[in-house]
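Numbering (our numbering), first residue to last: 1 to 121.
Structure first, then comments.
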């Protein structure tokens, strides 16, 4: 079973740093072969700030064995506001740092991915 989670701000704007790769995977699967998306759960959660994002993530981490998080460099999003100060490991970004902290108890693996940006030639 694959679950894709998209975290939105109060007015419904996306947080690409948290959801872009999973949403793209869902869309790609649906477009290429709509009948193959049988074991996909799609969750949208609306939050107003970092503490609400943290609370939401704590409520769902126990349900998963593997969590894949997109990393974005110097991203300022309402959904992570207030968490930057507590981030110990900038190289795995705010959400990766949060999910690897001792506050998040669970038996899951964490994979952090970052898309390589192309330099103009």
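Every residue, glycine too, gets a C-beta built ideally from N, C-alpha and C.
task: Could you check which residue in 70, 8, 105, 116 has the C-alpha nearest to that of residue 64?
output: Along the chain shown, read from residue 1 onward, the residue named residue 64 stands at position 64. With distances taken between Cα atoms, residue 64 lies closest to 105.
- request: Output yes or no for whether 8 Å exceeds the beta carbon distance between residue 50 and residue 80.
  value: Residue 50 sits at position 50 when you count from the first residue of the chain shown. Residue 80 sits at position 80 when you count from the first residue of the chain shown. Yes, the Cβ-Cβ distance between residue 50 and residue 80 is below 8 Å.
task: Mind checking who residue 5 pairs with in its DSSP beta bridge?
output: If you number the chain shown from 1, residue 5 lands on position 5. Per DSSP, 43.
message: Could you give the first and the last residue of the continuous beta strand (DSSP E) run that contains residue 66?
response: Here residue 66 corresponds to residue number 66 of the chain shown, with the count starting at 1. Segment 66-70, the beta strand (DSSP E) holding residue 66.
message: Checking 8 Å against the spacing of the C-beta atoms, do residue 66 and residue 109 come in under that value?
response: Translated into positions along the chain shown, residue 66 becomes position 66. Translated into positions along the chain shown, residue 109 becomes position 109. In contact: residue 66 and residue 109 (Cβ atoms closer than 8 Å).
message: Considering only their Cβ atoms, is the gap separating residue 47 from residue 7 smaller than 8 Å?
response: Indexing the chain shown from 1 puts residue 7 at position 7. Indexing the chain shown from 1 puts residue 47 at position 47. Against a cut-off of 8 Å, the Cβ pair of residue 47 and residue 7 comes out as a contact.
- prompt: Of all the options 78, 77, 97, which has the alpha carbon lying nearest to the alpha carbon of residue 86?
  reply: The count along the chain shown starts at 1 and reaches residue 86 at position 86. When each option's Cα is compared against that of residue 86, the closest is 97.
- request: Enumerate in chain order the residues of its own chain whose CB-to-CB distance from residue 82 is below 7 Å, with the five nearest sequence positions on each side excluded.
  value: Within the chain shown, residue 82 is the residue found at index 82, counting from 1. 49, 50, 51.
field: Residue closest to residue 2, alpha-carbon to alpha-carbon, out of 55, 116, 119, 68
entry: Numbered from 1 along the chain shown, position 2 holds the residue referred to as residue 2. Comparing Cα positions, the closest option is 68.
query: Where do the ends of the beta strand (DSSP E) carrying residue 112 lie?
result: Taking the first residue of the chain shown as position 1, residue 112 is located at position 112. Taken as a continuous stretch (DSSP letters only), the beta strand (DSSP E) holding residue 112 covers 109-113.
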